[in-house]
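Peer 1:
Residue numbers (the numbering used here): 357 to 523.
#1: Does residue 413 pass the burial test, meaning 16 or more other C-beta atoms within 10 Å, or should it be called exposed?
#2: Using the C-alpha atoms, what's the distance from residue 382 back to residue 458?
#3: Please identify the residue among 416, 498, 474 and 510 whose C-alpha is closest to the C-alpha of residue 376.
#4: By how many angstroms is the C-alpha of residue 447 removed from the C-alpha of residue 487?
#5: Taking only three categories from DSSP, how would you classify residue 365?
#6: Measuring CB atoms only, is the segment 427-436 touching the segment 399-418, in the sense that at least three cross pairs come out at less than 8 Å?
#7: Relative to the C-alpha of residue 472, which residue among 466, 464 and 483 is closest?
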């Protein structure tokens, strides 16, 4: 899949085919895509923690609002950053991972992790590291394509973009 097609096809999905695990070679490709993301001043402040353990995923879901799908996701990649680094860089890493996932036939969904102390404890993070976000990933369910076409709408480009000034 071409990059532009992957961008247009990408949908955040929270349900995955639970009968299929993500193979290690695919995980490696996702991590490489994330690792190659640029960062402010090339600080490279983001690290990834791979979650496959059901208990840890369930514990982390209690540290995040709107994360009911996290414990049952076949794969969770948690992006952590050192405190004081720019959260913007985590978004760049996450987008690379999610677009690579789309191109590799996986669905994904970003998850905000709002409760830092809880997440730090669950993941045994050092004091100077915090969770930037998590990404749930897995193979699509059989009805995923039908749901993607069933009325999802985007704001019109003419309402979304302005040239030179707001008005």
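Note that beta-carbon positions come from the ideal geometry of N, C-alpha and C, so glycine has one too.
Peer 2: Considering the structure as presented:
#1: buried
#2: 12 Å
#3: 498
#4: 12 Å
#5: It is helical.
#6: The segment 427-436 vs the segment 399-418: in contact.
#7: 483
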